[in-house]
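With the numbering used here applied, the sequence shown has no gaps in its numbers, which climb one by one up to 1508 at the end. C-beta: ideal position from N, C-alpha, C; glycine also.
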Amino acid sequence: MLWLAGRIVRPLSAAAFCGLLWLGSQALMPVVVREAIDDGLVPGDMHAVLLWSAVLLGLGVVQAVSGTVRRRLNTYISLSAGFRTVQLVVGHANRLGSSLERRVDDGELVSVGTSDMASIGNAFDVVGRTVGAVVSVILVAVVLLEQSATLGMLLIVALPAIILTMGYTLRPLHRRQEAYRDLQGELTSRLTDVVAGLRVLRGVGGETSFARSYRERSQRVRAAGERVAGAEALIRGAQVLLPGLLVGAVTWIGARAALSGSVTAGELVAFYAYAAFLVEPLGIFTETADRFARAHVAARRAIAVLALPALPALPAGSAGSAGSAGSAQDTDTQPVPAGARELSDEHSGLTVAPGAFLVVVAPPADGVRLADRLGGYADAPVTYGGLPLAGLPAEEVRRRILVVDNRSRLFRGPLRSALDPHGTADDTAIAAALRAAVAEDVVEALPEGLDTHITADGRRFSGGQRQRLVLARALLADPDVLVVVDPTSAVDAHTEDAIARRLRAARAGRTTVLISSSPLLLDRADQVAFLRDGRVAATGTHRDLLAAGADYRLVIQRETGEAPAGNASSTSLASRGSTE
929 MLWLAGRIVR PLSAAAFCGL LWLGSQALMP VVVREAIDDG LVPGDMHAVL
979 LWSAVLLGLG VVQAVSGTVR RRLNTYISLS AGFRTVQLVV GHANRLGSSL
1029 ERRVDDGELV SVGTSDMASI GNAFDVVGRT VGAVVSVILV AVVLLEQSAT
1079 LGMLLIVALP AIILTMGYTL RPLHRRQEAY RDLQGELTSR LTDVVAGLRV
1129 LRGVGGETSF ARSYRERSQR VRAAGERVAG AEALIRGAQV LLPGLLVGAV
1179 TWIGARAALS GSVTAGELVA FYAYAAFLVE PLGIFTETAD RFARAHVAAR
1229 RAIAVLALPA LPALPAGSAG SAGSAGSAQD TDTQPVPAGA RELSDEHSGL
1279 TVAPGAFLVV VAPPADGVRL ADRLGGYADA PVTYGGLPLA GLPAEEVRRR
1329 ILVVDNRSRL FRGPLRSALD PHGTADDTAI AAALRAAVAE DVVEALPEGL
1379 DTHITADGRR FSGGQRQRLV LARALLADPD VLVVVDPTSA VDAHTEDAIA
1429 RRLRAARAGR TTVLISSSPL LLDRADQVAF LRDGRVAATG THRDLLAAGA
1479 DYRLVIQRET GEAPAGNASS TSLASRGSTE
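Okay, here's the thing in structure tokens:
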């Protein structure tokens, strides 16, 4: 919060000054009214009445102008603080990179960018009015002490008591808001999950079960919201009751003083006006405490994301995150060797020869971790062309080594820009990539072809169609090394066979690493590496490993659903059904 205040210190100071003029001018109005009555109306001096009326008009103009400027500044400050918070969180999310998805729920990030952003912005919005309220209360206390020691002391004693009472009512609100925010973030995460997996839910008939679970969670959020509303209702009632009691007390004391002749008629009117005026600054104090309580809860959520350390992948200035202990100044980055080079992972013992079409058979979790290491997304001893991957320039590593897994997404907009984000490929190159990924039929079925606008994550496509389009995008990038995790897990066997043939042809002379246990892909590989317990247990062709390794045969049996016999490709074709 202090960091945000430092970034907007000038508009914040200007808003505070305008808030001072806005409420300060209101605080001076009862003084002017008192003088107009005592010096003008009572003695019948119309000149004095007109003079003080002009002063009152001037104070009204100052109040109107300063209030308008303050409101505009507060809007700017609120939006600036909220969006700067989002910028901080999004910037850190970029530094977290591929680890973000595993460490932060989607719903948590959505809540930071919506409700938390608004709560933090609202806290800064009230600062200008709070400064004005503090100064105006001090001004009123000084004036009342000068006119009546009793009323002045009443104000000095009553105001802190009211503020402390309000603060006490805010404590349960703070706790309930925090609990509500937790449940709200959890429900949002649940909702983003179902939006992403709606097709899967429908496929397994899980809509009813999910709807029941979502309804239960939603009711818990509703109940938590009702508890927050109850605490807020108590505060709103106190905002009316306590200042009202103060107004009544000041009016009663002032009336008795007027009857005894110790105060003038003008002073009595001023006493009442001050008591009525104090309702507004007291309300501002309560609103300030309420907004800062909400902002505290929201800021804790944002800080929880910002406090996540970036995984120590590659040093700053290299292919990893900027949160590593190194820096671009103390890390000697080396140029990436041109052309196809050997890629070696010391952790698993895997070595990928230049230009190889290699398929790795591994458990799903081991396969994903291997892909992350080969792409420089994890802290691991990986070399490319004999050079440590951690010492190579980040932009070069990302350009030469591309990792594609099943979390890869298509973005909203024309399909052409989703496949070619940089806009450097012509229609011929795009058509070649679509053919290699067996995705021509997907584009042909669209009403406007490549110019068709797609929704976020390409939800209009089936799982197999989206998987093929993502593969086409990767082929269009044409990296020196392409690492793909389960590229055909969502397509039928005939499409898979076509992808295996065309992908090998399209990547001729380029290094390709596929992590899959599909017999159709394995049968097309130059070499197969079999990982057991995270280490390379055997290498060779698919047929050689089938003949020599019992463990390897068990993995392939789980993929095909039956023992491999004869031609492995035909076995897979017979056993795999269409999933598109």
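DSSP lists 1463 as the bridge partner or partners of residue 1460. Residue 1408 is positioned such that its CB atom lies closer than 8 Å to that of residue 1268.
Here the alpha carbons of residue 1450 and residue 1456 stand approximately 7 Å from one another.
For residue 1218, the uninterrupted alpha helix (DSSP H) run begins and ends at 1207-1234, by DSSP. The three-state secondary structure of residue 1276, taken from DSSP, is coil. In the DSSP assignment, residue 1011 falls within the unbroken alpha helix (DSSP H) covering 974-1024. If you draw a straight line from the Cα of residue 945 to the Cα of residue 1192, it comes to about 34 Å. Here the C-alpha atom of residue 1157 lies approximately 14 Å from the C-alpha atom of residue 1148. DSSP places residue 1320 in the coil class of the three-state scheme, outside both helix and strand.
Ranked by how close their Cα comes to the Cα of residue 1318, the residues 1332, 1335, 1300 and 1333 have 1300 in first place. The Cβ-Cβ distance between residue 1302 and residue 1411 falls below 8 Å.
Pairwise C-beta distances place the region 1288-1296 in contact with the region 1427-1444, as three or more of them are shorter than 8 Å.
Per DSSP, residue 1356 is not a residue of any beta strand (DSSP E); the alpha helix (DSSP H) it occupies stretches across 1355-1364.
Rounded to whole angstroms, the Cβ separation of residue 1119 and residue 1177 is 51 Å, and the two are not in contact under 8 Å.
For the 8 Å CB-CB criterion, residue 1382 and residue 1431 do not form a contact. Contact check between the region 1364-1378 and the region 1335-1353: three or more CB pairs, one atom from each, fall below 8 Å, which counts as touching.
Only exposed fits residue 1274, as fewer than 16 other CB atoms lie within 10 angstroms of its CB. In this structure, DSSP gives residue 1312 an extended state, which the three-state scheme calls strand. Around the beta carbon of residue 1195, a 10 Å sphere encloses 16 or more other beta carbons of the protein chains shown; the residue is thus reported as buried. Judged by beta-carbon spacing, residue 1202 lies within the 8 Å limit of residue 958, meaning their Cβ atoms are closer than that value. A contact between stretches requires three or more CB pairs, one per stretch, nearer than 8 Å, and the region 972-988 fails this requirement with the region 1009-1028.
Taking the CA atoms as reference points, residue 1185 sits about 37 Å from residue 1218. For the pair residue 1285 and residue 1435, the Cα-to-Cα distance works out to about 8 Å. Residue 947 and residue 998 do touch by the CB rule: their CB atoms are close to 5 Å apart, below 8 Å. Taking the C-beta atoms as reference points, residue 1199 is found no nearer than 8 Å to residue 1067. In this structure, residue 1270 lies near residue 1313, with their beta-carbon atoms less than 8 Å apart.
Inclusion of residue 1160 and residue 1234 in the CB contact set at 8 Å is not warranted, their separation being larger than that value. Here residue 1364 really is in contact with residue 1403; their C-beta atoms are around 5 Å apart, less than 8 Å. Inclusion of residue 950 and residue 988 in the CB contact set at 8 Å is not warranted, their separation being larger than that value. In this structure residue 1181 does not touch residue 1214 by the C-beta definition: roughly 24 Å separates them, more than the 8 Å allowed. Within the DSSP bridge table, the entry for residue 1381 names 1342 as partners.
With contacts defined as CB atoms closer than 8 Å, residue 1206 and residue 1152 fail to qualify as a contacting pair. In the three-state reduction of the DSSP assignment, residue 1409 falls in the strand class, which pools E and B. The C-beta distance from residue 1006 to residue 1053 rounds to 4 Å, short enough to fall under 8 Å.
With respect to residue 1003, residue 1216 sits apart: the two C-beta atoms are not nearer than 8 Å. With respect to the C-alpha of residue 1046, the residue from 1074, 1227 and 1439 having the closest C-alpha is 1227.
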